[in-house]
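S.K.: In my numbering, the protein residues as written are 14 to 430. Below you will find the structure I want to go over with you.
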Amino acid sequence: MLALVDCNSFFASCEQVFRPDLRGKPVIVLSNNDGCIVARSKEAKALGIPDLEPYFKLKHQLEKSGVHVFSSNYELYGDLSNRVMQTLEGFSPHLEIYSIDEAFLSLAGIKGDLRDYGHSMRKAVQQCVGLPVGVGIAPTKTLAKLASYIAKKSARCEFVCVIERLDQWHRVFAKIPVQQVWGIGGRLTKRLADQRIFSVLDLMKQDPRYMKRHYNVNVARTVEELNGVACYGLDQQPPPKQQIFSTRSFGQHITDCAALEQSVSQYASRACVKLRKQQHLVKTIMVFAASGHFVDRPYSRSQVIPLPMATNDTRQVITAVRKSVNEVIYREGVKFARAGVGLIELQPERPEQLDVFTPVQPLRSKALMTVMDEINQRHTPVYFASQGVTPQWSMQRMLKSPSYTTQWHDLPCVSMK
DNA sequence: TCTGGGGTCCTAGGACCC
DNA sequence: TCTGGGGTCCTAGGACCC
């Protein structure tokens, strides 16, 4: 059996941990640049606030109804996420961190009542981190996901749902729309509806071979998984990333080339930090920049750049992306709204076999990057001048909460009265 | 004025090889 | 009369996830 543990309204709940005055109140969290609504507390959902709606459209209404609004604070969410995962590690030696707010746990060998076990996980996370979670327990990942959905929807479950005997669940599955199944998105839902497959039960009853022929192998696997046949195992050590991207929308539109160069330098630098963390080198990079989606004549340019040698030296990558911006991407008169850098062809830092003819990165690069990474973990960050000192185009996060758990000057204070 | 930022996997079709 | 079959690699596009 597997458990899926996921945090309820994760970002919104994080904001409430150090603000007890906001518990039980409507709270929402916005995406980067305060663009869209990406998380809503239970109370905010109850007010009918839609997910992924642009903030500016609802701002007025939100103010009127007294909703508490936050910019995203990834420092805080990342740190609380780590604490949740550490707590869960105490419940199973086999844990797959699936996303910032979810983990799969193997419950193989767990004796006793699984529902009780689920409740003890819930209690532990609540007590150690202060966050509410739901627990779904079932024989396959897809069913565990479904169980966690039921755990949150049905009051009777009290946030823990165990699916063991599948035949006892047909009545419930018949009431759940098929798009709630993990792996079934909007497009597939439409196609399935044409075949009169509307509910989880409808999908579960299909022949996997037929579904493989008419859809694809993943849909076939989903059907198998719904029937208790495990097609996906636990990935305890996620494979290294095959591509690394860093892209952002700007806080303000950019029209001059120097500013655009600064921004891609910064994204290149961020991507290279991730690259070195997974001990890889990059051979090919991609740079792009574009105007907003919602202008009359949208502009977008990208360039794929092979590097002279595989590297993880930020300087090499910055040089290449700046050149690209200058010579290919930038155009006068365009109001750029976003840009990004992708490291698209990677290879391990230590290849199995070196060969005589391929140039290798100088050792001094490695030494310099190691020192930079170490300084940036512990001290005031150092960075390249080309990233700009006080860029005007930086992300807007007007409503960000303090980094309560990661910055000394943001530590919460307790006063005794 | 104002609409996120990451990722993965699969499939089909073309080019090319023997 | 009669014109193979199997394979790899690459790319673009589609679909999904959080």
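Backbone N, C-alpha and C define an ideal beta-carbon position, used for all residues, glycine too. As the structure is a computational prediction, the values presented were derived from the model and not from experiment.
1. Let me check one thing: in DSSP terms, what residues is cysteine 285 bridge-paired to?
2. Buried or exposed: where does leucine 75 fall if 16 or more other Cβ atoms within 10 Å of its Cβ makes it buried?
3. How is the beta strand (DSSP E) around alanine 121 delimited, first residue to last?
4. For alanine 206, list the residues DSSP reports as bridge partners.
5. With a 10 Å radius around its C-beta and 16 neighbouring C-beta atoms as the bar for buried, classify valine 242 as buried or exposed.
6. Check each candidate in Met224, Ile267 and Pro106 and name the one with the smallest Cα separation from tyrosine 312.
7. Apply the 10 Å Cβ neighbour rule to isoleucine 388 and answer buried if 16 or more other Cβ atoms are within range, or exposed otherwise.
8. Would you identify the three-state DSSP class for aspartate 64, choosing helix, strand or coil?
9. Would you kindly check if the distance between the Cβ of threonine 235 and the Cβ of glycine 196 is under 8 Å?
10. Please classify arginine 53: does DSSP put it in a helix, a strand, or coil?
11. Report, in whole angstroms, the separation of the C-beta atoms of asparagine 325 and arginine 289, which I expect to be a contact under 8 Å.
12. Which same chain residues end up closer than 6 Å to aspartate 114 when comparing Cβ atoms and leaving out the 5 residues on each side of it in sequence?
13. Rounded to the nearest angstrom, what separates proline 152 and arginine 310 at their Cα positions?
14. Could you tell me the distance, in whole angstroms, from the CA atom of glycine 264 to the CA atom of aspartate 47?
15. Could you tell me the alpha carbon to alpha carbon distance between glutamine 420 and aspartate 180, rounded to whole angstroms?
16. As an exercise, report each continuous alpha helix (DSSP H) stretch of at least 4 residues that is fully enclosed by the segment 190-245, in chain order.
17. Considering only the beta carbon of each residue, do leucine 247 and serine 112 sit closer than 8 Å?
18. Mind reading off the beta-carbon distance from valine 191 to leucine 159? Whole number of angstroms is fine, and I expect it under 8 Å.
19. Per DSSP, what kind of secondary structure is valine 82 in: helix, strand or coil?
20. List in chain order: all unbroken beta strand (DSSP E) runs of 3+ residues lying wholly within the segment 306-368.
21. Label histidine 81 either buried or exposed according to how many other C-beta atoms from any shown protein chain fall within 10 Å of its C-beta, with 16 as the threshold for buried.
22. With distances taken from CA atoms, which of Gln250, Tyr245, Pro251 and Trp182 is nearest lysine 218?
23. Do three or more CB pairs link the segment 269-279 to the segment 333-349 at distances below 8 Å?
24. What span of residues does the beta strand (DSSP E) with glutamine 265 cover, start to end?
25. Below 8 Å on the Cβ atoms is my contact criterion, and I expect glutamine 292 with proline 375 to pass it. Report the Cβ-Cβ distance as a whole number of Å.
26. Which residues share a DSSP beta bridge with cysteine 174?
27. Excluding the 5 residues flanking proline 372 on each side, which residues of the same chain have their C-beta closer than 8 Å to its C-beta?
28. Secondary structure at lysine 158, three-state DSSP: helix, strand or coil?
29. How many whole angstroms separate the CB atoms of valine 175 and isoleucine 150, which I take to be in contact at a CB cut-off of 8 Å?
30. Does the contact criterion of 3 or more C-beta pairs under 8 Å hold for the segment 90-97 versus the segment 60-74?
31. To the nearest angstrom, report how far apart methionine 385 and arginine 328 are at their CA atoms.
32. Taking buried to mean at least 16 other C-beta atoms within 10 Å of its own C-beta, is proline 33 buried or exposed?
33. When burial is assigned at 16 or more other CB atoms within 10 Å of the CB, is asparagine 86 buried or exposed?
34. Is DSSP giving histidine 422 helix, strand or coil here?
35. Since methionine 134 contacts alanine 116 with CB under 8 Å, what's their CB separation in whole angstroms?
M.R.: Looking at the coordinates:
1. DSSP output for cysteine 285 lists no bridge partner at all.
2. Burial call: buried.
3. Careful: alanine 121 lies outside any beta strand (DSSP E) and carries neither H nor E.
4. Under DSSP, alanine 206 shares a beta bridge with no residue.
5. The residue in question, valine 242, is exposed, as its Cβ has fewer than 16 Cβ neighbours within 10 Å.
6. That would be Ile267, whose Cα lies nearest to the Cα of tyrosine 312.
7. Answer is exposed; the Cβ neighbour count stays below 16.
8. Correct three-state label for aspartate 64: coil.
9. For glycine 196 and threonine 235, yes; Cβs fall inside 8 Å.
10. Here arginine 53 sits in strand by DSSP.
11. 5 Å between Cβ atoms; contact.
12. Contacts found: Asp19, Cys20 and Phe23.
13. Looking at the two C-alpha atoms, the distance is approximately 52 Å.
14. Roughly 9 Å between the two C-alpha positions.
15. Approximately 52 Å between the Cα atoms of the pair.
16. The qualifying runs are 199-207, 213-217, 221-227 and 230-239.
17. Serine 112 sits away from leucine 247, with the two beta carbons spaced by 8 Å or more.
18. A Cβ-Cβ separation of about 11 Å leaves valine 191 out of contact with leucine 159 under the 8 Å criterion.
19. Assigned with DSSP and collapsed to three states, valine 82 falls in strand.
20. Here the runs fully enclosed are 313-324 and 349-361.
21. Answer is buried; the Cβ neighbour count reaches 16.
22. For the residues Gln250, Tyr245, Pro251 and Trp182, the minimum Cα distance to lysine 218 belongs to Trp182.
23. A contact exists between the segment 269-279 and the segment 333-349.
24. Its beta strand (DSSP E) spans residues 257-267.
25. Wrong, their Cβ atoms sit about 17 Å apart, outside the cutoff.
26. DSSP, once it has assigned bridges, lists Gly149 as partnering cysteine 174.
27. Residues Pro321 and Met322 of the same chain have their beta carbon placed closer than 8 Å to that of proline 372, with the five preceding and five following residues left out of the count.
28. Helix at lysine 158.
29. Right, their Cβ atoms sit about 4 Å apart.
30. In this structure the segment 90-97 does not lie against the segment 60-74, because fewer than three pairs of beta carbons, one per stretch, are closer than 8 Å.
31. The straight-line gap separating the alpha-carbon atoms of methionine 385 and arginine 328 is approximately 12 Å.
32. Burial call: exposed.
33. Buried, by the Cβ-count rule.
34. Residue state, collapsed to three classes: helix.
35. Methionine 134 to alanine 116, Cβ: 10 Å. No contact.
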